[in-house]
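**Student:**
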Amino acid sequence: MKDRSGDTDGAAMVLNAGETLAPFYERTVTIDENSYYKTSMWIYIVNTPVRIAIDIKDLSGNILTTLTTPEMTDASFRGHWFEIPLYFKSNINCKSDKVRVVYRNDKKEKSGNDYYIDDLSLNKITEAEYVAVGGPSTPVPCPVTPCNAGNIAPQINTNLLKFFDPATGVNLNSAFNTVPTPPTGSLLVWYNNAAHLGTALTNAQIANAPEGTYYAFFYDATHECFSPASAPVKVQKECVSPNENKGFNATNGNSTTFTLLPTDIGFQLDVYRIDNSLNVKVNNTLLTNLELDFQSNHNTTGGNLRTVRFKNASGYYGAGGIPEIWNIAGDVTNPVLRIIIRHDGTVSLYGSKSNYGPLYELELFNGAALNSYTWNTAATNTIIIGQKVDGVTYITGRGIALQSMPCKCTAAGSTSAGGTPTKMGITNQSKQAGWPENIPNGFITLESQQAGFVITRVNKVADITDPKDGMMAYDITDHCVKLFRLVDTVNNMGEWKCIKQGCNQSK
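Here my numbering is used: position 424 in the sequence shown is 415, and no number is missing along the way.
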């Protein structure tokens, strides 16, 4: 048997319809108001009689109209492919909507009623074509489409979600205080536009949405309909600004007090050297119920007790090849310890396993736990760093008040006419009249036909033994221009960082 195209390897639907008056195919389509349609099928009848009906239903299941083929009984219908076209028109008072086109057997016949079906289609045609074939004059009624998504938009609790490096996005569902329960028969979806155009975000995309504007909807997949859109949720990448940056150096159990301006993120403590323990107070509340103790042989409950280890018991200071913490050195770029105290009561602890090494997450154990503290976002905060005296006692580091701010970036300077004239120029050519003032919006203009501007180049900026605040050099190993910034005047420590390209510009 060949399909309608004559291909022996093609496909066609084989039906022994018999006495069962039931659908054999249906599809959902969108019809426009005041439009004309041709629904068509190709049929190959093996045994007559045959009669087929096509029900046009709305998504509520109501039959809007039924199109019926003639009853095909004589032998002239058998043994060859032929097309059966049927026609209908939509109502002028209906908006565009979805309907189901349902093909079914309409002949209850025990003997015969065997056929093949191929190339079912529904196409819009012109009014002239419709009139020419004598299509029905009465339009089908307007579809009635139910929608379990309802007519109330998901209610968000914030219009702005922020994330910080090294994160690449934020969970959109955190815009809700509690993720809403969708109406029965629907689910919660997110789109990047208010008209739910395109494809809904996947679960992975919802969990880590990058910068952009998003909208939540309830969606009824059965009836393919949406609730109204939620208010927009803007996702914005924020950078952390060291609102205050203070070094400290304490010995013999002396404490260090930071009185900090209010910030919206919290406080970061970086420790360069430490003997064995420390404690932190946040606005007169101890951060933990026990001293943060790292020494390997401190195992006395109620006395000196080790309380900090690497995450998931993956390591301890003074064991497994990890030195005791007082034998590890750090600096502003690679501290020995980092404690981040956030405004929402969460705390992260990190520690290094080697001199100037990478940081790994730490955890409390042996009964140590976080206390509840209050962080002030509208008033000053007081942080006190102390130590339990146990032999030689010392700690050096810096405290940083963390404030969010829009991420700054570098962009190409404007060279459009009419800007501020450049006041300084360096040239190895004959100076022309009006130069460098005729170069707008510059600070310094360099001019040469055959020479390039080259700043100091070093294999690695760490080789510079006495860097100065504001010094700039090209790091050959890291392939970037770096700037040195003195960040801790108490301990005379600074850091080199690459000057990064920004503003989402191509390289």
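Idealized CB from N, CA, C, for every residue including glycine.
With respect to the alpha helix (DSSP H) encompassing Asn372, which residues constitute its N-terminal and C-terminal limits?
**Tutor:** Segment Asn372 to Gly377 is the beta strand (DSSP E) holding Asn372; no alpha helix (DSSP H) there.
**Student:** Reducing DSSP to helix, strand and coil, say where Gln196 ends up.
**Tutor:** The answer is helix: DSSP assigns Gln196 an H, G or I state.
**Student:** Suppose contacts are defined by Cβ-Cβ distances below 8 Å. Is Val224 in contact with Asn162 by that definition?
**Tutor:** The answer is no: Cβ separation not under 8 Å.
**Student:** Looking only at its chain, what residues have a beta carbon closer than 6 Å to the beta carbon of Lys80, apart from the 5 residues adjacent to it on each side?
**Tutor:** So the list reads Tyr27 and Pro130, once near-sequence residues are dropped.
**Student:** Per DSSP, what kind of secondary structure is Ala442 in: helix, strand or coil?
**Tutor:** Note: Ala442 maps to coil in three-state DSSP.
**Student:** Going by beta-carbon coordinates alone, are Asp266 and Trp317 separated by less than 8 Å?
**Tutor:** In this structure, Trp317 lies closer than 8 Å to Asp266 by Cβ.
**Student:** Leaving out five residues on either side along the sequence, give the residues of the same chain with a beta carbon under 6 Å from the beta carbon of Val452.
**Tutor:** Taken in chain order, the residues that qualify are Ala464, Asp466, Lys473 and Trp487.
**Student:** Assign Ser221 to buried or exposed, taking buried as 16 or more other Cβ atoms, counted over all protein chains shown, within 10 Å of its Cβ.
**Tutor:** Buried: at least 16 other Cβ atoms inside 10 Å.
**Student:** What number of angstroms, rounded off, separates the C-alpha of Ser51 from the C-alpha of Lys101?
**Tutor:** Between Ser51 and Lys101, the C-alpha separation is close to 32 Å.
**Student:** Any idea if Gln441 is buried or exposed, counting beta-carbon neighbours within 10 angstroms, 16 or more meaning buried?
**Tutor:** It is exposed - the Cβ of Gln441 has fewer than 16 other Cβ atoms within 10 Å.
**Student:** As a quick exercise: from Asn357, Lys344, Ile54 and Pro76, pick the residue whose alpha carbon is nearest that of Ile43.
**Tutor:** Of Asn357, Lys344, Ile54 and Pro76, the residue nearest in Cα terms is Pro76.
**Student:** Report yes if the CB atom of Lys48 is closer than 8 Å to the CB atom of Val5, and no otherwise.
**Tutor:** Going by C-beta atoms, Lys48 is not nearer than 8 Å to Val5.
**Student:** Our contact map puts Pro326 next to Val271 with C-beta atoms below 8 Å; I'd like the distance itself, whole angstroms only.
**Tutor:** That pair is no contact at about 15 Å.
**Student:** Return the CA-CA distance between Val41 and Pro137, expressed in angstroms with no decimal places.
**Tutor:** If you take the alpha carbons of Val41 and Pro137, they lie about 35 Å apart.
**Student:** Rounded C-beta distance between Tyr106 and Val37? I'm assuming under 8 Å.
**Tutor:** About 6 Å separates the two Cβ atoms, so the contact holds.
**Student:** According to DSSP, is Asn267 helix, strand or coil?
**Tutor:** Residue state, collapsed to three classes: coil.
**Student:** Which residues does DSSP pair with Pro233 in a beta bridge?
**Tutor:** For Pro233, which the question treats as bridged, DSSP gives the partners Leu393.
**Student:** How far does the beta strand (DSSP E) with Val452 in it extend, from its first residue to its last?
**Tutor:** Val452 -> no beta strand (DSSP E), and no H or E assigned at all.
**Student:** For Gly(-3), does the three-state DSSP call read helix, strand or coil?
**Tutor:** DSSP places Gly(-3) in coil when its eight states are reduced to three.
**Student:** Given that a residue counts as buried once 16 or more other Cβ atoms are within 10 Å of its Cβ, and exposed if not, what is Ser497?
**Tutor:** Its pLDDT being 38, under 50, Ser497 is placed unreliably in this model, and the coordinates cannot settle the point.
**Student:** Distance, Cα to Cα, Gly1 vs Ala8?
**Tutor:** Taking the straight line joining both Cα atoms gives about 22 Å.
**Student:** Closest by CA to Ile256, which one among Arg448, Pro233 and Val299?
**Tutor:** When each option's Cα is compared against that of Ile256, the closest is Pro233.
**Student:** Please list the terminal residues of the continuous alpha helix (DSSP H) segment that includes Tyr364.
**Tutor:** Careful: Tyr364 lies outside any alpha helix (DSSP H) and carries neither H nor E.
**Student:** Comparing C-alpha positions only, which one of Ser363, Asn164 and Ala186 sits nearest to Asn148?
**Tutor:** Comparing Cα-Cα distances from Asn148 to each of Ser363, Asn164 and Ala186, the minimum goes to Asn164.
**Student:** In its own chain, which residues sit with a C-beta less than 7 Å from the C-beta of Asp46, not counting the 5 before and 5 after it?
**Tutor:** Within the same chain, Asp46 has close Cβ partners Ile54, Thr57, Val93 and Arg95.
**Student:** Distance check for Glu10 and Gln196, CA to CA, integer angstroms please.
**Tutor:** Approximately 51 Å, taken between the alpha carbons.
**Student:** On a Cα-Cα basis, can you pick out the residue from Leu361, Ser287, Ser343 and Lys344 that is closest to Gly336?
**Tutor:** Residue Leu361 is the option with its Cα nearest to Gly336.
**Student:** How many Å lie between Thr501 and Tyr206 at the Cα?
**Tutor:** Nothing about residue 501 can be read from this structure; the chain reaches only from -8 to 498.
**Student:** Tell me whether Gln496 sits in a helix, a strand or coil according to DSSP, three-state version.
**Tutor:** Residue confidence is low: Gln496 scores 43 on pLDDT, short of 50, so the model does not pin down where it sits. No coordinate-derived value is stated.
**Student:** What is the C-beta distance between Ile386 and Ser345, in whole angstroms, given that I count them as a contact (C-beta under 8 Å)?
**Tutor:** With a Cβ gap of about 19 Å, Ile386 and Ser345 do not count as contacting.
**Student:** Look at the alpha carbon of Thr468 and the alpha carbon of Lys228, and state the distance between them as a whole number of angstroms.
**Tutor:** When rounded, the distance between both Cα atoms is 29 Å.
**Student:** In whole angstroms, what is the alpha-carbon distance linking Val323 and Asn483?
**Tutor:** Taking the straight line joining both Cα atoms gives about 10 Å.
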